[in-house]
Each structure stands twice: as C-alpha cells, then as structure tokens.
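*Asks:*
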Amino acid sequence: MDIATLREKHPDHWKKAAAIRVLAMDAVQAANSGHPGMPMGMADVATVLFEKHLKFDASAPRWADRDRFILSAGHGSMLIYALLHLTGYEDVTLEQIRNFRQWGAITAGHPEYGHVSGVETTTGPLGQGISNS
Numbered sequence: 002m003d004i005a006t007l008r009e010k011h012p013d014h015w016k017k018a019a020a021i022r023v024l025a026m027d028a029v030q031a032a033n034s035g036h037p038g039m040p041m042g043m044a045d046v047a048t049v050l051f052e053k054h055l056k057f058d059a060s061a062p063r064w065a066d067r068d069r070f071i072l073s074a075g076h077g078s079m080l081i082y083a084l085l086h087l088t089g090y091e092d093v094t095l096e097q098i099r100n101f102r103q104w105g106a107i108t109a110g111h112p113e114y115g116h117v118s119g120v121e122t123t124t125g126p127l128g129q130g131i132s133n134s
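Heads up, the sequence shown stops at 134 in the working numbering, and the numbers go up one at a time, no gaps.
(1) Just verifying my parser: in three-state terms, what is the DSSP assignment at Thr124?
(2) May I have the straight-line CA-CA distance separating Ser118 from Trp15, to the nearest angstrom?
(3) Going by the CB atoms, is the gap between Glu121 and Phe51 shorter than 8 Å?
(4) List the endpoints of the continuous alpha helix (DSSP H) containing Trp15.
(5) Do you know offhand how far Asp68's Cα is from Leu7's?
(6) Excluding sequence positions up to five away, which residues of its chain have a Cβ less than 6 Å from the Cβ of Ile81?
(7) With a 10 Å radius around its C-beta and 16 neighbouring C-beta atoms as the bar for buried, classify Lys53 as buried or exposed.
(8) Does the stretch 94-113 come within contact of the stretch 21-32, defined as at least 3 CB pairs closer than 8 Å?
(9) What does the alpha-carbon distance come out to for the pair Lys10 and Val46?
(10) Fully enclosed by the stretch 27-103, which alpha helix (DSSP H) runs are 4 residues long or longer?
(11) What number of angstroms, rounded off, separates the C-alpha of Ser34 from the C-alpha of Asp13?
And the structure:
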C-alpha cells in the first residue's frame, strides 16, 4: 500500500502524527535546545501505539490497570509530551510545550517521574528504560 492510500484510509492518524512532528520541531526550535529527530521519526509508531494498543485514561493518569509507555531514550522527550498533550492529559498544555526545556516548566529535556502525568519513570541515559520496564 502506498503513502497516499494510507493517508486516505487513516486521516486521523496522519493528522496526529503530523501534529507530533510540528509540536516537536517548534518546541525544540523555540528552546534552541533538544532533540527533534526521535519525535519526528517515531511519530507514526507512537501514534499507532497510543491509538490502537495502549490501555490508558488521560482523565485518570494513576489508574492501576493502565499500560505504561516507557520512553527509554529520554532525550526524545518531546515525543511523550506531544502525545500526552494530544491525548488529553490536562497538565501538558500547549503553554507547557511552548516552555519546553525552560526553567520552571514541567516539560524538561528528559522526562521526570512525578512532574508530568503520564510520565511513568525518569529516563535519560540510553537503555535505561529496559531496566525500568
């Protein structure tokens, strides 16, 4: 199946993946710091995971039976922040995304557990997520 057919059959997926890419590009550019590559490259995969496979409730982020998404490569944090914003986590506002990597913002350069609903563990060093899982 070609890209045009996929876009036609799954327009909501394509819009959400494009939104992730744009949010990541804009936030990293505004901060003049960060890593846009992973959010841009993984936008489609992450969108499918969140839309089709992961069991979660943005209105109940501590729901005991939820699936946990661990972003092992914490430097790609804009992927998780964009996903959390687009899936309805209230504390990840557009304003917080605009303040990515800024002092006092919850959207740090590496995701930090306890600062943002939906961030399941603090990550940073590559591969750390495997041991956390």
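From the three backbone atoms N, C-alpha and C, an ideal C-beta is built for every residue, glycine too.
*Replies:* The relevant details are as follows:
(1) coil
(2) 25 Å
(3) no
(4) 12-32
(5) 27 Å
(6) Leu72, Pro112
(7) exposed
(8) yes
(9) 16 Å
(10) 38-49, 78-87, 95-99
(11) 30 Å
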